[in-house]
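Visitor:
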Amino acid sequence: MPSNDLFVYSLALADDALILGQRLTEWVSNAPTLEEELALANVALDHIGRARMFYGHAAQLVDDGRGEDDLAFGRDCREFTNLLINELPRGDFAFTMVRQFFVDAFNVPFLTALVQSREPTLAAIGAKAVKESTYHLRRSRDWMLRLGDGSAESHVRTQRAVDELWGYTPELFEPFAAEVRLAQAGLVPDRDALKTGWRSTVDAAFAEATLACPTAAWSVRGGRDGVHTEHLGHLLAQMQFMQRTYPGQQW
Amino acid sequence: MTTELISDSSEQARFDARIAANERVEPKDWMPDAYRRNVIRQMSQHAHSEVIGMQPEGNWISRAPTLQRKAILLAKVQDEAGHGLYLYSATETLGVTREDLVEALHQGRAKYASIFNYPSLTWADVGAIGWLVDGAAIVNQISLQQTSYGPYARAMVRICKEESFHMRQGYEIMLTLCRGSDAQRAMAQDALNRWWWPSLMMFGPHDAESAHSAQSMLWKLKRQSNDDLRQKFIDQTVPQADFLGIHIPDPQLRWNATSGHYNFGEIDWSEFQRVINGDGPCNRERLSHHVRAHDDGAWVRETLAAYRAKHSARSAEHA
Amino acid sequence: MTTEAMPLFEVFIRSKRGLDHRHVGSLHAQDHRQALEYARDTYTRRGEGVSIWVVASRDIVASQESDSASFYDPLDDKPYRHATFYKLPDAVDNM
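Chains A, B and C supply the protein sequences, listed in that same order. Here the working numbering is used: position 100 in the first sequence is 100, and no number is missing along the way. Position in the second sequence (first residue = 1) + 1000 = the working numbering. Position in the third sequence (first residue = 1) + 2000 = the working numbering.
1) Along chain A, in chain order, which residues have C-beta atoms closer than 7 Å to that of Q1141 (chain B)?
2) Note down, in chain order, every chain B residue with its Cβ under 9 Å from the Cβ of F2021 (chain C).
3) Between the C-alpha atoms of M239 (chain A) and L211 (chain A), what's the straight-line distance to the nearest angstrom?
4) Give me the subset of the stretch 1275–1291 of chain B whose CB atoms are less than 9 Å from a CB atom of chain A, sorted by chain position.
5) Just how far apart, CA to CA, sit L235 (chain A) and I1061 (chain B)?
6) Report the rounded CA-to-CA distance for F1964 (chain C) versus T2044 (chain C), giving the unit in angstroms.
7) Should M2006 (chain C) be labelled buried (16 or more other beta-carbon atoms within 10 Å of its own) or exposed?
8) Going by C-alpha to C-alpha distance, which of B:F1165, B:G1297, B:M1031 and B:D1268 sits closest to W1197 (chain B)?
9) Count the CB pairs spanning the stretch 1279–1290 of chain B and the stretch 1216–1227 of chain B that are closer than 8 Å, and state whether there are at least three.
10) Return the CA-CA distance between I2052 (chain C) and H2032 (chain C), expressed in angstroms with no decimal places.
11) Between D1296 (chain B) and chain C, is the shortest Cβ-Cβ distance under 9 Å, so that the two count as touching?
12) Consider the Cβ of T33 (chain A): report whether some Cβ of chain C lies at a distance smaller than 9 Å.
13) Would you say K1070 (chain B) faces chain C, with C-beta separation under 9 Å as the test?
14) Distance, Cα to Cα, Y246 (chain A) vs R1185 (chain B)?
15) CA-CA distance, L38 (chain A) and L1085 (chain B)?
16) Interface residues of chain C around G1170 (chain B) at Cβ under 7 Å?
17) With DSSP as the reference, label G2025 (chain C) as helix, strand or coil.
18) Cβ atoms of F80 (chain A) and R1063 (chain B): under 9 Å apart, would you say?
19) Residue range of the beta strand (DSSP E) that V2054 (chain C) falls in?
20) State buried or exposed for D1008 (chain B), treating a residue as buried only when at least 16 other CB atoms are found within 10 Å of its CB.
21) Out of A:A94, A:R75, A:G65 and A:Q100, state which residue places its alpha-carbon closest to the alpha-carbon of N86 (chain A).
22) Do the stretch 1171–1180 of chain B and the stretch 1136–1146 of chain B meet, that is, are 3 or more Cβ pairs less than 8 Å apart?
23) So, using beta-carbon positions, are V202 (chain A) and A105 (chain A) closer together than 9 Å?
24) Please list, in chain order, the residues of the stretch 1025–1055 of chain B that have any C-beta partner in chain C closer than 7 Å.
25) If I follow the unbroken alpha helix (DSSP H) through V188 (chain A), where does it start and stop?
26) Please confirm whether I1129 (chain B) and P1056 (chain B) have their CB atoms less than 9 Å apart.
27) Can you find a C-beta in chain B that's less than 9 Å from the C-beta of V2024 (chain C)?
28) Cutting at 7 Å between CB atoms, please list the residues of its own chain near C213 (chain A), excluding the five before and the five after it.
29) Please report the Cβ distance between L1067 (chain B) and D70 (chain A), rounded to the nearest whole angstrom; I am assuming they are in contact, meaning their Cβ atoms lie under 8 Å.
30) Chain B partners of T2044 (chain C), CB-CB under 7 Å?
31) Beta-carbon of Y1152 (chain B) versus every beta-carbon of chain C: anything under 9 Å?
32) Note down the Cα distance separating A44 (chain A) from A94 (chain A), rounded to an integer number of angstroms.
33) From L2075 (chain C) to V98 (chain A), what does the alpha carbon distance come to, in whole angstroms?
34) Let me check one thing: in DSSP terms, what residues is H1261 (chain B) bridge-paired to?
35) Check whether the Cβ of I1267 (chain B) lies closer than 9 Å to any Cβ atom in chain A.
36) Please list the terminal residues of the continuous alpha helix (DSSP H) segment that includes R1069 (chain B).
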């Protein structure tokens, strides 16, 4: 059923955006400069805003009385379908910026393709989000260069971040069942087709940043099936606390 | 030597005339050393307050009960960072670096608003902070729009525009809670109980007991007395509490028809002194949090120096 | 943060309604490119800008107050440049 597939799809994109947004908010009052406080908060706000749009669309599609907050605060770990890369703890500044770069480098071509969707709401969300992600990519790519080719310490930290994150990137290009059907119907981008372009964007940045591309072949996946890392449970316990403790109230 | 004295005293006369005429003092103007030091102290402490204030509010972003509240709170705290930035920038016009100012904060030579030494314990605290703390800050900042130092006055105008959203979001949270369940109403009342008196203390001691008040008033850095501003805040806030249906924890609070103001009880000045001098509930945590974030970020700031040194030719191309 | 690594930049914004860039404040950044990004994040969150200029503070050359006598006074005896010079009837005096 296209409409159930679209619901599952929107929900996955919403979860991706919310979980990453939540991780970014953890930098508030912890950023290396006041200017970075503002910049990181902007990226977080963009992701949270995008999540709300996708949750809103999902809620409309499923039409079972749930709204954006029910979807965000009322599902447990096993029902969340975000990619694992988004839920990893923020780590140090290098880890955050490398993760952001990997995600941004994916999001720009992905959202550019989503704008072409024949599903008008997805296309509209894509159109708004692609402008934001274009700016995010400019920022995160600049940071890759500064961090990779800055000081000896920043180089070590950044290379370590690259090595730790690398195995979480294959999942970016693995469409799940509903996504495959929707892509075949021409309603959503073919995620797998974005891999080559992403790889060349990333390789170019690595080269300029004097970073080595990891050679070890390992990968972790399972997000779309609700099989998460142990980190997500703690994130949700914190995020959902108020709604779980005081259910059914207005805030 | 004689020439310097003469030109100094004519500079002083020019400065005094400027102040008397309600004109602004700008960064490159001659100003008495004591005025310069006072302005640096006042602006930098205001900046530190904005930044430290991000901690009690930032404490609730990850646990905000709805997505909309999460976004609004994040935007508000982001504004506070921006306010800190405007104020540090305004202070730097006087030839001091942000590094110097942060060091003064870390070494305890510079203070920040004592209100932020209290913990934010419940979601209702987020509402109370927006309603009362930002409410009090607005009363103070509106007055400071007329301060004599130009960059400070202009920063205040910018900040005031953004601050009214902050107070509204706080009051709206309180309103929603007070119209909600018994548990929510109790949460709102509890937050008011804990934040009321510290909010009144934000305006500082009685002016007669303030070391800096008199001189700041003479230089028109400060335009209204602590007590006047405090009274203004109380007069505007009591009806707001009445509308919410929650009770201000002051048995002596009552409307005085003769004066046209609310009478209120005496502030516990010993608590005020304790908190401002480092012995409040969260003083150590607020400062150590700021120190830790600063230290953790040192390698990032050093990275920029290293990158800049390596690539200064390329930076010039990009510029 | 050393002053070397992250020099101070002054920020000027031209808002949608205005024609001139206005000075709005300053910030620290590594270079002009980063200064523009930070200026966007700090000063245009409420849609206040269509154009941002950033200038390294050290590149700004300012006149001194003491210059006024020769620098400014000749301009000051031409009051017809000021709006207050012109008396209009109350009904149209809102320009």
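Ideal Cβ placement from N, Cα and C applies to all residues, glycine included.
Guide: On the basis of the data shown:
1) As a working note, residue 1141 (chain B) is residue 141 in the second sequence. The contacting residues do not exist; Q1141 (chain B) stays about 19 Å from chain A at best.
2) Taking the third sequence and counting its residues from 1, one reaches residue 2021 (chain C) at position 21. Residue 2021 (chain C) is actually His in this sequence, not Phe. By Cβ distance, chain B contributes nothing, its closest Cβ being about 15 Å from H2021 (chain C), past 9 Å.
3) Here the question's residue 239 (chain A) lines up with position 239 in the first sequence. Here the question's residue 211 (chain A) lines up with position 211 in the first sequence. Rounded to whole angstroms, M239 (chain A) to L211 (chain A) spans 35 Å at the Cα level.
4) Within the stretch 1275–1291 of chain B, the qualifying residues are H1289 and H1290.
5) Against the first sequence, residue 235 (chain A) aligns to sequence position 235. Against the second sequence, residue 1061 (chain B) aligns to sequence position 61. L235 (chain A) and I1061 (chain B): Cα-Cα distance of roughly 12 Å.
6) Here chain C covers residues 2001 to 2095 and nothing more, so residue 1964 (chain C) does not appear.
7) By 1-based counting over the third sequence, the position of residue 2006 (chain C) is 6. By the neighbour-count rule (16 or more Cβ atoms within 10 Å), M2006 (chain C) is buried.
8) Here residue 1197 (chain B) refers to the residue found at position 197 when the second sequence is read from its first residue. Among B:F1165, B:G1297, B:M1031 and B:D1268, the Cα nearest to that of W1197 (chain B) belongs to B:D1268.
9) Output reads no: the stretch 1216–1227 of chain B does not touch the stretch 1279–1290 of chain B.
10) Along the third sequence, read from residue 1 onward, the residue named residue 2052 (chain C) stands at position 52. Along the third sequence, read from residue 1 onward, the residue named residue 2032 (chain C) stands at position 32. Between I2052 (chain C) and H2032 (chain C), the C-alpha separation is close to 11 Å.
11) Residue numbering aside, residue 1296 (chain B) sits at position 296 when the second sequence is read from its first letter. For D1296 (chain B), the answer is no, since every Cβ of chain C falls outside 9 Å of its Cβ.
12) Locating residue 33 (chain A) in the first sequence gives position 33, counting from the first residue. Contacts with chain C at 9 Å (Cβ-Cβ) include T33 (chain A).
13) Within the second sequence, residue 1070 (chain B) is the residue found at index 70, counting from 1. Chain C contact via Cβ: absent.
14) Taking the first sequence and counting its residues from 1, one reaches residue 246 (chain A) at position 246. Taking the second sequence and counting its residues from 1, one reaches residue 1185 (chain B) at position 185. Rounded to the nearest angstrom, the two C-alpha atoms are 12 Å apart.
15) Position 38 of the first sequence, counting from 1, holds the residue named residue 38 (chain A). Position 85 of the second sequence, counting from 1, holds the residue named residue 1085 (chain B). Each residue's Cα considered, the two are about 10 Å apart.
16) Locating residue 1170 (chain B) in the second sequence gives position 170, counting from the first residue. Simply none; closest approach about 19 Å.
17) Here residue 2025 (chain C) refers to the residue found at position 25 when the third sequence is read from its first residue. Of the three classes helix, strand and coil, the one that applies to G2025 (chain C) here is strand, per DSSP.
18) Position 63 of the second sequence, counted from the first residue, corresponds to residue 1063 (chain B). Position 80 of the first sequence, counted from the first residue, corresponds to residue 80 (chain A). Cβ atoms of R1063 (chain B) and F80 (chain A): not closer than 9 Å.
19) Within the third sequence, the letter at position 54 stands for residue 2054 (chain C). In the DSSP assignment, V2054 (chain C) falls within the unbroken beta strand (DSSP E) covering S2051 to A2056.
20) Position 8 of the second sequence holds residue 1008 (chain B). D1008 (chain B) is exposed by the Cβ-count criterion.
21) In the first sequence, residue 86 (chain A) corresponds to position 86, counting from 1. With distances taken between CA atoms, N86 (chain A) lies nearest to A:Q100 out of A:A94, A:R75, A:G65 and A:Q100.
22) Because the criterion of three Cβ pairs below 8 Å is not met, the stretch 1171–1180 of chain B and the stretch 1136–1146 of chain B do not touch.
23) Stepping through the first sequence from its first residue, residue 202 (chain A) is reached at position 202. Stepping through the first sequence from its first residue, residue 105 (chain A) is reached at position 105. The answer is yes: Cβ separation under 9 Å.
24) If you check each beta-carbon in the stretch 1025–1055 of chain B against every beta-carbon of chain C, the ones closer than 7 Å belong to K1028 and D1029.
25) Sequence index remark: in the first sequence, residue 188 (chain A) carries index 188 (1-based). No alpha helix (DSSP H) holds V188 (chain A); DSSP gives it neither H nor E.
26) One-based indexing of the second sequence puts residue 1129 (chain B) at position 129. One-based indexing of the second sequence puts residue 1056 (chain B) at position 56. Yes.
27) For the purposes of this step, residue 2024 (chain C) is taken as the residue at position 24 of the third sequence. At least one beta carbon of chain B lies nearer than 9 Å to the beta carbon of V2024 (chain C).
28) Mapped onto the first sequence, residue 213 (chain A) falls at position 213. Hits under 7 Å: D203 and F206.
29) Taking the second sequence and counting its residues from 1, one reaches residue 1067 (chain B) at position 67. Taking the first sequence and counting its residues from 1, one reaches residue 70 (chain A) at position 70. Between L1067 (chain B) and D70 (chain A) the beta-carbon gap is near 11 Å, outside 8 Å, which marks them as no contact.
30) Looking up residue 2044 (chain C) in the third sequence gives position 44. Ordered by position in chain B, no residue passes the 7 Å Cβ test against T2044 (chain C), which lies about 11 Å from the chain.
31) The sequence position of residue 1152 (chain B) within the second sequence is 152, counting from 1. Taking CB atoms only, Y1152 (chain B) has no neighbour in chain C less than 9 Å away.
32) What you label residue 44 (chain A) is simply residue 44 of the first sequence in a count that begins at 1. What you label residue 94 (chain A) is simply residue 94 of the first sequence in a count that begins at 1. For A44 (chain A) and A94 (chain A), the gap between their C-alpha atoms comes out near 17 Å.
33) To locate residue 2075 (chain C), count along the third sequence from 1; it is residue 75. To locate residue 98 (chain A), count along the first sequence from 1; it is residue 98. Reliability fails at L2075 (chain C), whose pLDDT of 48 lies under 50, so the model's placement of it is uncertain and no value is given.
34) Taking the first residue of the second sequence as position 1, residue 1261 (chain B) is located at position 261. BP columns for H1261 (chain B) point to B:N1256.
35) Taking the second sequence and counting its residues from 1, one reaches residue 1267 (chain B) at position 267. Residue-level contact check: I1267 (chain B) does not touch chain A, since none of the beta carbons of chain A fall below 9 Å from its beta carbon.
36) Numbered from its first residue, the second sequence carries residue 1069 (chain B) at position 69. Taken as a continuous stretch (DSSP letters only), the alpha helix (DSSP H) holding R1069 (chain B) covers L1067 to E1092.
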